[in-house]
Amino acid sequence: QNRFRLDQDTLNGIIAEVDADGSGELEFEEFCTLAARFLIEEDMEAMQAELKEAFRLYDREGNGYITTTVLREILRELDDKL
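Read in order, the letters of the sequence shown correspond to residues 190 to 271 in the working numbering.
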């Protein structure tokens with residue numbers, strides 16, 4: 190089976206794009222921008238609610254951002270499901 194795999198360069202490119210300031214942290218708005226590439230949702234309010242819930246799950250410390258390390262984990266999980 191020929192499955193799409195996110196290679197290291199692709200991962201780095203996605204991270205560099207969404208972490209434009211290079212802080213190593215992804216705020217909620219940046220997370221939404223990234224997620225919008227993968228999601229097709231008619232109901233914007235429902236999507237926003239789902240994204241907030243997902244962000245909360247990954248923002249384990251509750252400090253309002255997720256690290257690029259966690260983002261890599263998320264992207265790898267998404268890749269397995271694509």
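Even glycine gets a Cβ: it sits at the ideal position worked out from N, Cα and C.
Check, Outcome
"Find out if the Cβ-Cβ distance for the pair Thr257, Asp208 is shorter than 8 Å.", "yes"
"Measuring CB to CB, does Leu215 end up less than 8 Å from Arg261?", "no"
"Look at the alpha carbon of Gly253 and the alpha carbon of Glu242, and state the distance between them as a whole number of angstroms.", "12 Å"
"Taking only three categories from DSSP, how would you classify Glu250?", "coil"
"Only counting the same chain, and skipping five residues up and downstream in sequence, which positions put a Cβ closer than 7 Å to that of Leu273?", "This structure leaves residue 273 out entirely; the chain is present only between 190 and 271."
"What span of residues does the beta strand (DSSP E) with Glu216 cover, start to end?", "214-216"
"Can you name, in chain order, every residue of its own chain whose Cβ lies under 6 Å from the Cβ of Phe163, other than the five neighbours on each side?", "Residue 163 falls outside the range modelled here, since the chain spans only 190 to 271, and no answer is possible."
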